[in-house]
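*Asks:* First the structure, which I've put down as structure tokens, then a few questions once you've had a look.
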Amino acid sequence: MREILLVRYGEIFLKGQNRPFFMNALVKQVQRAVKPFDGHAWLHDGRIFVDRFSDMEECLQAVTKVFGVHSVCPAIEMEKDSFDAIADQAVHMMENLNGTFKVVSRRSDKRYPMDSPALNQELGYRILKANDQLSVDLHHPQHVMNVEIRDLCYLYVRVVPAVGGMPVGTGGQAALLLSGGIDSPVAGWMIAKRGVRLCAVHFHSYPYTSDRAKEKVLELARQLSAYCCGLKVYIVPFTHIQTEIHEKCRDDYGTLLMRRFMMRIAERCARKEGAKALITGESIGQVASQTIEALQVTNSVVSMPVFRPLIGFDKSEIMDVARKIGTLETSELPYEDCCTVFTPRHPATHPIVEKVAAEEEHLEAEALIEEAMAGIEIVAV
Amino acid sequence: MQVYLDNSATTKPSPAAANALKDAAEMHWYNPSALYKPAMDVEKRVSEARECCLRAVHATSHRLVFTSGGTEADNLAITGYLRTVKKGGKVLYFQGEHPAVRACMDEARRLGFIAEEIPSTSQGMMDIASLERQLTADTVLLCLMQVNNETGAVQPVSEAVSLRNRLAPKAAIHVDGVQGYLRVPFDFNRSGIQSYAFSGHKIHACKGIGGLILHKSHRVSPLMLGGGQENGLRSGTENTPGILCLGEAARTYPADALPRMAALKEQLWEGIRERIPAAVQNGPTIGTSGAAPHILSVSLPPVRSQTMLFALEGDGIYVSAGSACASHSQRVSPVLTGMGMDRSMADCTLRFSFGIYNTEEEISYTVERIAAQYAVLSKYIRK
């Protein structure tokens, strides 16, 4: 008898012939997640199992963060020969609980002498007899004693919900425009959850922003990497583009022009990485550069699809997700990722694409982009 | 070239202090309370360090409680004292106090005292006329810093003591000497104050050690309870490496440090003023008795201090925007706005603070780099 983790997956169930592809990706991700705890994960009989972990709780928490995992159950694995031993273990696992319960048995080994209803009845009886704080409720029980009879027997009560989604890498790759704010890490997380591998592009404006601001962005990237198996961060020197826009262009178009350069550079970084889409943390109307017209202006300079998973979210909803995934605290550190010197006092909220493009003619756009691309620093986290 | 001009944030330990720390870790590591000979030797060394620290401010006939630093010393002086006096009286404090003191004022209010702020003058000094109005017979404690950490303004301690003697003779005076200890001449014996806090890492000792000097007749209640070390005022096995390091730093602090730092401060300001006409020096005029020799506060409008700070960092020059103790908060300094400075000017303010290792050559380089960076950065102003 020993403690193991049973890992249950969600949407992969729906896959048809390419299900092995998704399963292999998921097993790899679980193996990566349990490695720091010396855990060993393998696929058997349609289930992922984890054993040999040094710290079960820590290992369990790590697995709940793996995209594609529906839930994780700390379980007891034991021989199935002696029903009395199974019943004693079930009684032991339920002895400190109170309220209502039921027993749910599954018998994939059809040669086992008792069928599932018989297992439910007999185990339920013994549990009830041993603990007078429990009563049976078959419809809305507070606790469920799960028993699975496979080539071995597995018992578990606790089911820890996991993040869901699809295994990373099964959905292609996209480039995330990552600032130090609250929104972009959440946007990246949401797309990564659908199995998309990420790379990130950050725009650094030294000396208007500091090394601390850069380190904050790398820390956010590290936090994201816990979910999406590591990512490369492209740190793009952006000061010259900002000063050129500041000197040569209309003030109210400043942020829009800046965003157009960011989108173009991000698209080039994405191509270098083999990514096929861009991700931003934009949400309609949150700031002047995120009105529908402004989004059209910034979108029009790239050909890749741009994913904006937060587009319909309120700030408070975004913050709730940021809190849940653990990026909020870092995002709220006070190191600025853009300088107010370059922020227009009265930004255009209903810009017209042609007018903005005409304003951009004042700049040597291609040369500026080339210069920025040449100065990129790549950090793998 | 690397130039460290943030000595009010912390200082590089001197070789003598670092050696004392190493020797304490390797040889003098015994518990000074133990009864055997090596422990007694450590106890003797601790006594010598205490004497060195007291002698530096003419306080040898008074008591010194070693603490974990300036913040704990301020807490012990203020909260520890207020626990011994009748509730309901008034506690006065200078507007420009360090957060270690300001936070104790919240505690004073919770303990049932009335805490009142004394405003600052435009020079960053405590407004003596206001103090005269606010100092009433029911005042139990007056807190003022010796030197303001952002402006270098030396506070009028002796005037405050005279007013206290006349208007509120029962009030105790606590001076936060963290930015003044050894860098501004001070005679505790003659000062008329009751307590004085200081910190080791501001005078080229290590971090984690400081002290509270208490007048021999002044009583405070301990904040840390336990084995009764430090005459019952600060329980916990003594931080002997820190204490021996601090004692050595105090003993070896160079006699000529003050005039040398004052000359460097003047060199830096004159250089900046000559190259950048828009520059403004904040706080008391350089060379006057109100100006500490080691802190220079300068505003360089329209360049935001944070931008200039990062640009100088690229040149190997380390300075501070306002006070490094609170720089993570990135709010505009209440000390500067308290002097009547508008927010945009406060946002362009840098603090240069000098230590015993700075040189004229470093200052010349700093002037050159500030001027060069200013020429570029001042072109970009928010439209």
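Keeping their order, the protein sequence lines are chains Y and W. Just so we're aligned: 367 in my numbering is position 367 of the first sequence, and the numbers increase by one with no gaps anywhere. Just so we're aligned: 1188 in my numbering is position 188 of the second sequence, and the numbers increase by one with no gaps anywhere. Quick reminder that beta carbons are idealized off the backbone N, C-alpha and C, glycines included.
Can you pull the chain W residues whose beta carbon is under 8 Å from the beta carbon of D251/Y, in chain order?
*Replies:* Per Cβ cutoff of 8 Å: K1383.
*Asks:* Does DSSP classify L5/Y as helix, strand or coil?
*Replies:* Reduced to three states, the DSSP call for L5/Y is strand.
*Asks:* Does E1365/W get closer than 9 Å to chain Y when you measure Cβ to Cβ?
*Replies:* Looking at the sequence shown, residue 1365/W is not Glu but Tyr. False, the Cβ-Cβ gap to chain Y never drops below 9 Å.
*Asks:* Check each candidate in N1189/W, W1269/W, R1369/W and name the one with the smallest Cα separation from D1315/W.
*Replies:* Considering only alpha carbons, the answer is R1369/W.
*Asks:* Which of the three DSSP states, helix, strand or coil, is assigned to Q1373/W?
*Replies:* DSSP places Q1373/W in helix when its eight states are reduced to three.
*Asks:* Considering only the alpha carbon of each residue, which of A62/Y, S300/Y, L363/Y lies closest to V353/Y?
*Replies:* The shortest Cα separation from V353/Y among A62/Y, S300/Y, L363/Y belongs to S300/Y.
*Asks:* Assign L1223/W to one of three DSSP states: helix, strand, or coil.
*Replies:* Correct three-state label for L1223/W: coil.
*Asks:* Tell me, which residues are paired with I146/Y by DSSP?
*Replies:* Checking the displayed sequence, the identity of residue 146/Y turns out to be Asn instead of Ile. Looking at the DSSP assignment, N146/Y forms a beta bridge with V104/Y, Y156/Y.
*Asks:* Counting along the chain, where does the beta strand (DSSP E) carrying T44/Y start and finish?
*Replies:* Note that residue 44/Y is His in the sequence shown, not Thr. Per DSSP, H44/Y belongs to the beta strand (DSSP E) from 40-44.
*Asks:* Quick one: residues in its chain with C-beta nearer than 8 Å to the C-beta of A1428/W, no 5 flanking neighbours on either side, listed in chain order?
*Replies:* Residue 1428/W lies beyond the residue range present for chain W, which begins at 1001 and ends at 1383; the question has no answer from this structure.
*Asks:* Quick check: A1017/W and H1204/W, are their CB atoms within less than 9 Å of each other?
*Replies:* Yes.
*Asks:* Counting contacts by CB-CB distance shorter than 9 Å, is S179/Y in contact with chain W?
*Replies:* It does not: the Cβ of S179/Y has no partner Cβ on chain W nearer than 9 Å.
*Asks:* Could you tell me the boundaries of the alpha helix (DSSP H) in which T243/Y lies?
*Replies:* Where T243/Y is concerned, the enclosing alpha helix (DSSP H) stretches over 239-248.
*Asks:* What separation, rounded to the nearest whole angstrom, lies between the Cα atoms of S1305/W and K276/Y?
*Replies:* Each residue's alpha carbon lies about 41 Å from the other.
*Asks:* Any C-beta of chain Y sitting closer than 9 Å to the C-beta of G1316/W?
*Replies:* Chain Y contact via Cβ: absent.
*Asks:* How far does the alpha helix (DSSP H) with C73/Y in it extend, from its first residue to its last?
*Replies:* No alpha helix (DSSP H) holds C73/Y; the beta strand (DSSP E) holding it covers 69-78.
*Asks:* Does the beta-carbon of Y1036/W have 16 or more other beta-carbons within 10 angstroms, so that it is buried, or is it exposed?
*Replies:* Per the 10 Å Cβ criterion, exposed.
*Asks:* So is R1164/W buried or exposed if we call it buried at 16+ other beta carbons inside 10 Å?
*Replies:* By the neighbour-count rule (16 or more Cβ atoms within 10 Å), R1164/W is buried.
*Asks:* Out of R308/Y, E3/Y, A62/Y, V341/Y, which one is the CA nearest neighbour of E79/Y?
*Replies:* Nearest of R308/Y, E3/Y, A62/Y, V341/Y to E79/Y, Cα basis: E3/Y.
*Asks:* List, in order along the chain, the chain W residues whose C-beta lies closer than 7 Å to that of P347/Y?
*Replies:* Within 7 Å Cβ-Cβ: nothing; P347/Y doesn't reach chain W, min ~11 Å.
*Asks:* Enumerate, from N- to C-terminal direction, the unbroken beta strand (DSSP E) stretches of 3 or more residues contained entirely within the stretch 1039-1094 of chain W.
*Replies:* With a minimum length of 3 residues, the continuous beta strand (DSSP E) runs that stay inside the stretch 1039-1094 of chain W are 1063-1067, 1090-1094.
*Asks:* Going by other Cβ atoms of all chains shown within 10 Å of its Cβ, with 16 needed for buried, is L138/Y buried or exposed?
*Replies:* Looking at its Cβ environment, which holds fewer than 16 other Cβ atoms inside 10 Å, L138/Y is exposed.
*Asks:* Nearest to E371/Y by alpha carbon, out of L43/Y, R197/Y, I265/Y, H362/Y?
*Replies:* Cα-wise, what sits closest to E371/Y is I265/Y.
*Asks:* Determine the chain W residues that contact C339/Y at a beta-carbon separation under 7 Å, and present them in chain order.
*Replies:* Result: T1307.
*Asks:* Keeping to the same chain, check which residues put their C-beta closer than 7 Å to that of G274/Y; ignore five residues upstream and five downstream.
*Replies:* Answer for G274/Y: Q173, listed in chain order.
*Asks:* For a contact defined as C-beta to C-beta under 7 Å, what are the partners of P351/Y on chain W?
*Replies:* In chain order: nothing, as chain W lies at least about 17 Å away.
*Asks:* I need the straight-line Cα distance from L1064/W to K1044/W, nearest angstrom please.
*Replies:* If I take the Cα positions, the gap works out to 15 Å.
*Asks:* With a threshold of 9 Å between beta-carbons, can Q1373/W be considered close to chain Y, or not?
*Replies:* Yes, because at least one Cβ of chain Y sits closer than 9 Å to the Cβ of Q1373/W.
*Asks:* Under three-state DSSP, which class holds Y1004/W?
*Replies:* DSSP places Y1004/W in strand when its eight states are reduced to three.
*Asks:* Output, in sequence order along the chain, the residues in the stretch 228-262 of chain Y whose CB is closer than 7 Å to any CB in chain W.
*Replies:* Residues passing the 7 Å Cβ filter: T243, H246, D251.
*Asks:* So the candidates are R1050/W, V1376/W, L1111/W, K1087/W; which of them puts its Cα closest to the Cα of H240/Y?
*Replies:* Nearest option by C-alpha distance: V1376/W.
*Asks:* For the stretch 304-365 of chain Y, list the beta strand (DSSP E) runs that are entirely contained and at least 3 residues long, ordered along the chain.
*Replies:* List check, beta strand (DSSP E) in window: nothing returned.
*Asks:* Which class does L14/Y belong to by DSSP, given the choice of helix, strand or coil?
*Replies:* It is helical.
*Asks:* Is it buried or exposed, E377/Y, if we count other Cβ atoms within 10 angstroms and call 16 or more buried?
*Replies:* When all chains shown are included, E377/Y counts as exposed.
*Asks:* Below 8 Å on C-beta distance, what does F1310/W contact in chain Y?
*Replies:* Within 8 Å Cβ-Cβ: Y206, P207, Y208, T209, S210, D211.
*Asks:* Rounded to the nearest angstrom, how far is the Cβ of L119/Y from that of V147/Y, given a contact under 8 Å?
*Replies:* Contact flag correct, Cβ pair sits at about 6 Å.
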